[in-house]
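Novice:
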Amino acid sequence: MDKVEIYLPILIMVAVGALIATVLMGLSVLIGKRTRSKVKMQPYECGVDPVGDTKHPVPVKYYMVAILFIIFDIEVVFLYPWAVIYDSLGMFGFLEMLVFVAILITGYFYILGKGALKWD
Amino acid sequence: MLDFLFGQLVATHATFDVVTLSDRTTQALAEDPWLAAGYALLGLAGVGGFLSLLGMALIYVERKVAAHFQCRLGPMRVGWHGMLQSVADAIKLLLKEDIIPDRADRVLFLIAPVFSIIATTLGLILIPMSPSLQVVDLNIGVIFISAVSSFGVLGILLAGWSSNNKWSLLGAMRAGAQFISYEISVTLSLLVVTLFAGSLQLSEIVQSQQDGWWIWRGHIVGLVAFFVFLIASTAELNRPPFDLPEAESELTGGFHTEYSGLRFSFFFLAEFINMFIASALAATLFLGGWMPFHIGGLHTFNGLMDLIPPGLWFAGKTTFIIFLIMWVRWTFPRLRVDQLMRLEWKFLLPVGFINLFAAATLVITKLYFFPW
Amino acid sequence: MNLSGANIDFTLLLPEISLAICGFAILLLGVTKRGKDFGFGLGLFGLIAALAFTVQQWGTLETGFFGMVTKDGFSSLYNIIFLLAGIISLLIAQTYLRAKKIDKPEYYALVLFSILGMMVMASSYDLIIIFIGLEIMSIPLYVLAGFHRFNPKSNEAGIKYFIIGAFASGFLLYGIALVYGAGATTDLRLIAANYHSMAQQAPLLLYAGVALILIGFGFKVGAVPFHMWAPDVYQGAPTPVTAFFSVGPKAAGFAALMRILDFGFDSMDEIQSVLWILAVLTMAVGNILALFQDNIKRMLAYSSIAHAGYILVALTVGGEGAVASGLYYLLGYTFFNLGAFAILTILDTRDGTDSRFSELTGMASRHPFLATLLAIFMFSLAGFPPTAGFFGKLYIFSGAVEGGFIWLAIIGVMTSFVSVYYYLRVVVACFFTKADHPFQQVAMNPYLALALIITAVGALGLGLFPSSWIDLSRQAFASFL
Numbered sequence: 001m002d003k004v005e006i007y008l009p010i011l012i013m014v015a016v017g018a019l020i021a022t023v024l025m026g027l028s029v030l031i032g033k034r035t036r037s038k039v040k041m042q043p044y045e046c047g048v049d050p051v052g053d054t055k056h057p058v059p060v061k062y063y064m065v066a067i068l069f070i071i072f073d074i075e076v077v078f079l080y081p082w083a084v085i086y087d088s089l090g091m092f093g094f095l096e097m098l099v100f101v102a103i104l105i106t107g108y109f110y111i112l113g114k115g116a117l118k119w120d
Numbered sequence: 121m122l123d124f125l126f127g128q129l130v131a132t133h134a135t136f137d138v139v140t141l142s143d144r145t146t147q148a149l150a151e152d153p154w155l156a157a158g159y160a161l162l163g164l165a166g167v168g169g170f171l172s173l174l175g176m177a178l179i180y181v182e183r184k185v186a187a188h189f190q191c192r193l194g195p196m197r198v199g200w201h202g203m204l205q206s207v208a209d210a211i212k213l214l215l216k217e218d219i220i221p222d223r224a225d226r227v228l229f230l231i232a233p234v235f236s237i238i239a240t241t242l243g244l245i246l247i248p249m250s251p252s253l254q255v256v257d258l259n260i261g262v263i264f265i266s267a268v269s270s271f272g273v274l275g276i277l278l279a280g281w282s283s284n285n286k287w288s289l290l291g292a293m294r295a296g297a298q299f300i301s302y303e304i305s306v307t308l309s310l311l312v313v314t315l316f317a318g319s320l321q322l323s324e325i326v327q328s329q330q331d332g333w334w335i336w337r338g339h340i341v342g343l344v345a346f347f348v349f350l351i352a353s354t355a356e357l358n359r360p361p362f363d364l365p366e367a368e369s370e371l372t373g374g375f376h377t378e379y380s381g382l383r384f385s386f387f388f389l390a391e392f393i394n395m396f397i398a399s400a401l402a403a404t405l406f407l408g409g410w411m412p413f414h415i416g417g418l419h420t421f422n423g424l425m426d427l428i429p430p431g432l433w434f435a436g437k438t439t440f441i442i443f444l445i446m447w448v449r450w451t452f453p454r455l456r457v458d459q460l461m462r463l464e465w466k467f468l469l470p471v472g473f474i475n476l477f478a479a480a481t482l483v484i485t486k487l488y489f490f491p492w
Numbered sequence: 493m494n495l496s497g498a499n500i501d502f503t504l505l506l507p508e509i510s511l512a513i514c515g516f517a518i519l520l521l522g523v524t525k526r527g528k529d530f531g532f533g534l535g536l537f538g539l540i541a542a543l544a545f546t547v548q549q550w551g552t553l554e555t556g557f558f559g560m561v562t563k564d565g566f567s568s569l570y571n572i573i574f575l576l577a578g579i580i581s582l583l584i585a586q587t588y589l590r591a592k593k594i595d596k597p598e599y600y601a602l603v604l605f606s607i608l609g610m611m612v613m614a615s616s617y618d619l620i621i622i623f624i625g626l627e628i629m630s631i632p633l634y635v636l637a638g639f640h641r642f643n644p645k646s647n648e649a650g651i652k653y654f655i656i657g658a659f660a661s662g663f664l665l666y667g668i669a670l671v672y673g674a675g676a677t678t679d680l681r682l683i684a685a686n687y688h689s690m691a692q693q694a695p696l697l698l699y700a701g702v703a704l705i706l707i708g709f710g711f712k713v714g715a716v717p718f719h720m721w722a723p724d725v726y727q728g729a730p731t732p733v734t735a736f737f738s739v740g741p742k743a744a745g746f747a748a749l750m751r752i753l754d755f756g757f758d759s760m761d762e763i764q765s766v767l768w769i770l771a772v773l774t775m776a777v778g779n780i781l782a783l784f785q786d787n788i789k790r791m792l793a794y795s796s797i798a799h800a801g802y803i804l805v806a807l808t809v810g811g812e813g814a815v816a817s818g819l820y821y822l823l824g825y826t827f828f829n830l831g832a833f834a835i836l837t838i839l840d841t842r843d844g845t846d847s848r849f850s851e852l853t854g855m856a857s858r859h860p861f862l863a864t865l866l867a868i869f870m871f872s873l874a875g876f877p878p879t880a881g882f883f884g885k886l887y888i889f890s891g892a893v894e895g896g897f898i899w900l901a902i903i904g905v906m907t908s909f910v911s912v913y914y915y916l917r918v919v920v921a922c923f924f925t926k927a928d929h930p931f932q933q934v935a936m937n938p939y940l941a942l943a944l945i946i947t948a949v950g951a952l953g954l955g956l957f958p959s960s961w962i963d964l965s966r967q968a969f970a971s972f973l
C-alpha cells in the first residue's frame, strides 16, 4: 500500500475535476447567448464608472498575517510526524514537544506584545 | 452500575473490513481488466454525480432551513415542497450569459473556478463514507485533506485578483488572510486526533474509535478540539458568520463580484461541497465516522446498533454537523474583520495550543475515558 | 523508536541553552513597558554565562543527540572566540545605539541568537546541523545589518546582505545535497571514513558538492570572488554591527570550513589548488582595494577580506601546525579588529560623522590615549611585533614555507607589506596631520573603556606570550584529528 500507485486515483481525479469544469463551462458558452456592450464589460463599481486602478499596494497587515501563518502553521505541521509516533516516544517525546511549543509560544507572546496582531 | 456500564471489555463488536474503491480496482485489474475499468468508471461517475447532486441538495436544504428559522416556507413551487428548485436554478445558471470583463486577466479569470472545483473533488474522494465506500485511502489522509483544502483558497485569490475589480480584490485578500489564520486552528485540532489515534490514515482513525468516539474518549480535550475544529472550519469555508470575503453589504459579491452564470455557480457549488467535506471530516475524526454508537457492556444495545448500516451512521452524523453549521449561520450576526482576526489569534490559537498540550498529557498517562 | 544511542545530555548544550533562554527573555521583557532596559544586562549576562559553561567544557570530548552535537576542544575554542566577540560588540553597542536613538532590546536578542547559531555551527560533525547553525546565525545578521531602520544606507546593507546570504545558503545546501548523493550521509566522520569509495563511485557528485559548499562558505567568510557584498554591507550597517560582522560570521565560517576541509574531505588533494587560488586572490584583492578607500569602515571591510585570505593560507597548507596557526590568528584577529572597530564606534557616536579619514585629524592631541590604542590596533592589523598580528602572520607564513607552499608565503608577505600603507594612513591621520578644524570631543563610559581594555590586553597579550596560545590552539585542533 505504500507504493506510488496509490496516488494514481488522485491524479485521475484532478483530470476529471478539470474536465467536468471545462466541459460544463464550454456548454454554457454554447448554450448561453452573448451580447457585449461597453458598459457591461466594465468592472462593477456600484453603477458608476470605475475610478482608478485596482493594482495598488495592499495594507501591510495582510503580509503580517501571511508571515505569521508561515511561522505557526508550518511549525505546527512539523508536529504531525511527532503525533503519529508519539506513543512509542514516551516521556522524551512529551518533553521535546514542550520545548518546541515553548519556543513557539515565546514568539507568540512577542508578536502579541509588539502589536502585530492589531487589526486597526 | 459503573462496572456494568464500562467495566467489561466489549466483545461483540461487528468487524469491518475496509475496502476502498481504488483497492477494488487494483484487485480487479489483476483478474479482469474490463471489470477494473468498470469499477473505475463507476467511481468517476459516482464522484461526478455525487458532487452535483450533493451540491444541489445542500443548496435546497440550506434554503429550507433558513426559511424555517425565519418562519417562512422557503421554495415551494418547483416539485413537491420545492424539491426541484435547485435543478431549475442549475438550468437557469447554465443558460445565463458568461461575462468576462474587459479589464480582467482572461486566463486566470477562466482558471480560477476550475481550481476551486478540483480542490473540492480531491477532498471528497478521501472521505470514508462506509467501510466499502471510499475512493482512496491514503496513509497521509489528514495531511492530504488539509493540503488540498488550502488549494481551494488559491482559486479564490486568483478569482479576486484577476477580476480587476476593487471589491473582488478586497474580498480575495480577506479570504486569504482569513483562511490562513484559521488553518492554524484546524491543524491544531486535527493534531489532537492524530495524537489519540496514532495515525494519519482516515480509515485507521475511524477504527481507532471502536471503543468510543474521540469526542467522548478524549475527555474534555476531544470536545474542545471538536468545537475548535467546527468554528475554524466554518471560518475556512467563508460561511456566515465568517463570510467577510463575500460580505454582500460591504463588498457586493466579494471575490466573485465579476463572475456570472456557470462560473459563479462553480464557486457556489465548491462552497457547499466544502461544507460537506468539513462536516464529514468532523464526523470521521471526532464522531467515529461510520462506526456505530456503542456503550461498553451493553451487548444487546451494541448488537442493535450494529444492525444499522455504517453508511447510515456516517450520513446521520454528517447531516447533524451540517445542520449545526447552518444553524450557526442563521443565528449569529457577521463579525467585523478585526473581531475575526482577534477570535483566531487571541482566542482559538492559545486554546488550541493548550488543548494540544492537554492531549499529549492524556496520551502519555493513558487516561482515556474508557480505560480498556 | 530506539533512543538508546541518542545520549540526550542537555548539559552538553548548556552554553547554547543559556544563550537561547536569555535571548527569549530579552524579547519577552522587551514588549513590556519597564523591561526594555534589561536588554543590555541580560544579553551580557547570557554571554558571560555561556562563556563560563564553555570554559567549563574545555578539554571534554563528548558526542550527543545521535551524534549530531560534538563538544571538543575545537568547538570550545571557537565558542570562546564567538562569545568574546559578542561580549565586546555588545559593550560598544549600547552607547552607539543610544546616540543614534535605535536602542531597542531586539538588538541584544539578535546578537545572542546569532552567536547561538555560530556555536551550533562550530560544534557538529553533521553537515545538516552545520547548515542549520548557519541559518540561525545568518537570519539575525540580516536584521542587524538593517537595524538602523531610518538610514537608507543601513537598509541597503540589510537587503544586500539578505539577498547575497540567501543565495550563499542556497549554494551551500545544494552542495550538501550533492555530497549526500555521493555518499548517502551528511556525517563528516562517515564521509572521512568512506572518502575513497565515494570518490570512486560518484566523483562528479562529490566534486560538484564540495565546490558548492566551498562557494557557500566563501560568501560567508568573504573570500575573493565572492566578496562583493562585504564593503557595502560593512559600510552601511551600524558600526557595532560591522564590528561583529567582521569577526563573528567569519570565524564561524572558518570553523565549519576547517571541520569540513581538514577533517571530512581531508583526503581530497585537489582542494588544495583551489584554496591556493582563493587565498592568493583574497589577499591580493583585499589589500590592494583597501589602498583606495576614503572611508575607514570601507577600508576595514577590505582589510577583513585580506585577513580572511591569510587564514585561507593556513587552510591551504592544512595539517595540525598550519591550521592551529590559523586558529591563533583568528583569536588575535578577534581582539585587534574588534579593538579598531571599538574606537571607530566611539568616534561614530558623534553627530554628523561618516568615518572618513579626514575626521581623524587632531585626534592625537585631543584624545592621546584613544589615538595610541588605535595605533596599537593598526600596528597589529598590519603585523608589527610584538602584537598578535605579527606572530599570527609569522606562524601562518612559516607554516606555509614548511608545507612547501613557498610562493604562497611570498605572495602573502608581499601583500601584507602593501597593507602597511593603508593601516599607517590611519596613524598618520591621527598623529601627524595638521587639523584645520578642532577635533570634536567624544564621550567615554565604563563599558567602552572595558571593551578597549579587553581588546588591547588581548592583542598585546597574545603577542607577548605567543607560544602558550599557539599550544592551546594546537590542542584544540588536535581534538579532531
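Protein chains in written order, with the numbering used here: chain A, 1 to 120; chain B, 121 to 492; chain C, 493 to 973.
C-beta: ideal position from N, C-alpha, C; glycine also.
Can you tell me where the beta strand (DSSP E) with C:T562 in it begins and where it stops?
Specialist: Counting from one through the third sequence, the residue named residue 562 of chain C turns up at place 70. Unbroken beta strand (DSSP E) run through C:T562: 561 to 563.
Novice: Using a Cβ-Cβ cutoff of 9 Å, what residues of the segment 207 to 226 of chain B are near chain A? List them in chain order.
Specialist: L213, L214, L215, K216, E217, D218, I219, I220, P221, D222, R223, A224
Novice: Give me, in chain order, the residues of the same chain whose beta-carbon lies closer than 6 Å to that of B:G280; leave out the 5 immediate sequence neighbours on both sides.
Specialist: Indexing the second sequence from 1 puts residue 280 of chain B at position 160. Contacts found: S288, L289, G291, A292, F375.
Novice: List the endpoints of the continuous alpha helix (DSSP H) containing C:G556.
Specialist: Reading the third sequence from its first residue, position 64 is the one you call residue 556 of chain C. C:G556 -> not in any alpha helix (DSSP H); beta strand (DSSP E) instead, spanning 554 to 556.
Novice: Would A:Y99 pass as an interface residue toward chain B - the criterion being a Cβ-Cβ separation below 7 Å?
Specialist: Taking the first sequence and counting its residues from 1, one reaches residue 99 of chain A at position 99. In the sequence as displayed, the identity of residue 99 of chain A is Val instead of Tyr. No, its Cβ sits nowhere closer than 7 Å to a Cβ of chain B.
Novice: Rounded to whole angstroms, how far is the Cβ of B:P430 from the Cβ of B:W410, which I believe are closer than 8 Å?
Specialist: Position 310 of the second sequence, counted from the first residue, corresponds to residue 430 of chain B. Position 290 of the second sequence, counted from the first residue, corresponds to residue 410 of chain B. Indeed they touch by this definition, with Cβ atoms about 4 Å apart.
Novice: Measure the beta-carbon distance from C:K789 to C:T734 and round it to whole angstroms, keeping in mind my assumption that it falls under 8 Å.
Specialist: Within the third sequence, the letter at position 297 stands for residue 789 of chain C. Within the third sequence, the letter at position 242 stands for residue 734 of chain C. With a Cβ gap of about 6 Å, C:K789 and C:T734 count as contacting.
Novice: What are the complete alpha helix (DSSP H) segments, minimum 4 residues, inside the segment 826 to 860 of chain C?
Specialist: Listed in chain order, the complete alpha helix (DSSP H) runs (minimum 4 residues) inside the segment 826 to 860 of chain C are 855 to 858.
Novice: Select from the segment 301 to 326 of chain B all residues with a C-beta closer than 7 Å to any C-beta belonging to chain A, and list them in chain order.
Specialist: Here the close residues are S301, E303, I304, T307, L308, L311, T314, L315, G318, S319, L320.
Novice: Per the DSSP calculation, B:S250 is bridged to which residue(s)?
Specialist: Numbered from its first residue, the second sequence carries residue 250 of chain B at position 130. The partner list for B:S250 (beta bridge, DSSP) reads B:L253.
Novice: Among C:M906, C:G891, C:A715, whose alpha-carbon lies nearest the alpha-carbon of C:I962?
Specialist: On the third sequence, position 470 is the one that residue 962 of chain C refers to. Nearest C-alpha to C:I962: C:G891.
Novice: Between the segment 514 to 527 of chain C and chain A, which residues of the former have CB atoms less than 8 Å from a CB of the latter, in chain order?
Specialist: Those residues of the segment 514 to 527 of chain C that come within reach of chain A (Cβ to Cβ, closer than 8 Å) are F516, L519, L520, G522, V523, T524.
Novice: On the DSSP letters alone, give me the boundaries of the alpha helix (DSSP H) that C:V977 sits inside.
Specialist: Nothing about residue 977 of chain C can be reported from this structure: the residues present for chain C run from 493 to 973 only.
Novice: Going by Cα to Cα distance, which pick from B:G166, B:M461, B:T145, B:S172 is closest to B:Y159?
Specialist: The residue given as residue 159 of chain B occupies position 39 in the second sequence. Closest option to B:Y159, Cα to Cα, is B:T145.
Novice: In angstroms with no decimal places, state the Cα-to-Cα distance between B:S252 and A:P43.
Specialist: For the purposes of this step, residue 252 of chain B is taken as the residue at position 132 of the second sequence. For the purposes of this step, residue 43 of chain A is taken as the residue at position 43 of the first sequence. When rounded, the distance between both Cα atoms is 49 Å.
Novice: I'd like to know whether the C-beta of A:K118 is nearer than 7 Å to at least one C-beta of chain C.
Specialist: Residue 118 of chain A sits at position 118 when you count from the first residue of the first sequence. It does not: the Cβ of A:K118 has no partner Cβ on chain C nearer than 7 Å.
Novice: For A:F109, go through chain C and note every residue whose CB falls closer than 8 Å to its CB, in chain order.
Specialist: Numbered from 1 along the first sequence, position 109 holds the residue referred to as residue 109 of chain A. Going along chain C in sequence order, the residues near A:F109 (Cβ under 8 Å) are L520, V523.
Novice: Distance check for C:V523 and A:T106, CA to CA, integer angstroms please.
Specialist: Your numbering for residue 106 of chain A matches position 106 in the first sequence. Your numbering for residue 523 of chain C matches position 31 in the third sequence. Distance between the alpha carbons of A:T106 and C:V523: 11 Å.
Novice: With distance defined between alpha-carbon atoms, name the residue in C:G756, C:L783, C:I572 nearest to C:L706.
Specialist: In the third sequence, the residue the question calls residue 706 of chain C occupies position 214. Of C:G756, C:L783, C:I572, the residue nearest in Cα terms is C:G756.
Novice: From B:C191 to B:W450, what does the alpha carbon distance come to, in whole angstroms?
Specialist: Position 71 of the second sequence holds residue 191 of chain B. Position 330 of the second sequence holds residue 450 of chain B. Taking the straight line joining both Cα atoms gives about 12 Å.
Novice: Which residues in chain A have a C-beta closer than 7 Å to the C-beta of B:A297? List them in chain order.
Specialist: Position 177 of the second sequence, counted from the first residue, corresponds to residue 297 of chain B. Residues of chain A whose Cβ lies closer than 7 Å to the Cβ of B:A297 are, in chain order, Y62, V65.
Novice: Of the residues C:M720, C:G714, C:L519, C:G551, which one's Cα is nearest the Cα of C:G740?
Specialist: Taking the third sequence and counting its residues from 1, one reaches residue 740 of chain C at position 248. Of the listed residues, the one whose Cα sits closest to C:G740 is C:G714.
Novice: Under 8 Å by Cβ, that's how I've got C:L511 and C:L602 pegged, so tell me the actual separation to the nearest angstrom.
Specialist: Against the third sequence, residue 511 of chain C aligns to sequence position 19. Against the third sequence, residue 602 of chain C aligns to sequence position 110. About 12 Å separates the two Cβ atoms, so there is no contact after all.
Novice: Go to B:S385, then tell me how far its alpha helix (DSSP H) extends in each direction, as first and last residue.
Specialist: On the second sequence, position 265 is the one that residue 385 of chain B refers to. Per DSSP, the unbroken alpha helix (DSSP H) holding B:S385 starts and ends at 381 to 406.
Novice: Please classify B:D458: does DSSP put it in a helix, a strand, or coil?
Specialist: Working through the second sequence from its first residue, we reach residue 458 of chain B at position 338. Helix at B:D458.
Novice: Can you check whether the C-beta of A:K38 is within less than 7 Å of a C-beta belonging to chain C?
Specialist: As a working mapping, residue 38 of chain A is identified with position 38 in the first sequence. No, A:K38 lies away from the interface with chain C (no Cβ there is under 7 Å from its Cβ).
Novice: Which residues in the same chain have their Cβ closer than 8 Å to the Cβ of B:H133, if we skip the five residues on either side of it in sequence?
Specialist: Working through the second sequence from its first residue, we reach residue 133 of chain B at position 13. In this prediction, B:H133 scores a pLDDT of 46, lower than 50, which makes its location untrustworthy; no coordinate-derived value is stated.
Novice: Which residue's Cα is closest to the Cα of A:K55: B:D209, B:E366, B:N284, B:L487?
Specialist: For the purposes of this step, residue 55 of chain A is identified with residue 55 of the first sequence, where counting begins at 1. Selected option, being the one with the closest Cα: B:N284.
Novice: Kindly list, in the order they appear in chain C, the residues whose Cβ is closer than 9 Å to that of A:G113.
Specialist: Your numbering for residue 113 of chain A matches position 113 in the first sequence. Under the 9 Å cutoff, chain C gives L519, L520, G522, V523, T524.
Novice: Is the CB of B:W465 under 7 Å away from at least one CB in chain A?
Specialist: Against the second sequence, residue 465 of chain B aligns to sequence position 345. Taking Cβ atoms only, chain A reaches closer than 7 Å to B:W465, which makes this a yes.
Novice: How would you label C:W899, buried or exposed, when you count the other beta carbons within 10 angstroms and need 16 or more for buried?
Specialist: As a working note, residue 899 of chain C is residue 407 in the third sequence. Result: exposed.
Novice: Given that B:L378 touches chain A, what residues does it touch there, using C-beta distances under 8 Å?
Specialist: As a first step, residue 378 of chain B must be located in the second sequence, where it is residue number 258. Here the sequence assigns Glu to residue 378 of chain B, which means Leu is not the residue at that position. Per Cβ cutoff of 8 Å: P43, Y44.
Novice: If the criterion is Cβ atoms closer than 7 Å, does the pair C:S738 and C:N829 meet it?
Specialist: Translated into the one-based positions of the third sequence, residue 738 of chain C becomes position 246. Translated into the one-based positions of the third sequence, residue 829 of chain C becomes position 337. Yes, Cβ-Cβ distance for C:S738 and C:N829 is below 7 Å.
Novice: Can you give, in chain order, each stretch of the beta strand (DSSP E) that sits fully within the segment 68 to 94 of chain A and has at least 3 residues?
Specialist: none
Novice: State yes or no: is the beta carbon of B:F124 nearer than 7 Å to at least one beta carbon in chain A?
Specialist: For the purposes of this step, residue 124 of chain B is taken as the residue at position 4 of the second sequence. With a pLDDT of 42 at B:F124, under the threshold of 50, the modelled position of that residue is not reliable, and no figure is offered here.
Novice: Out of curiosity, what's the CA-to-CA distance linking C:V725 and C:G638?
Specialist: Walking along the third sequence from the start, residue 725 of chain C turns up at place 233. Walking along the third sequence from the start, residue 638 of chain C turns up at place 146. Their Cα atoms are separated by approximately 9 Å.
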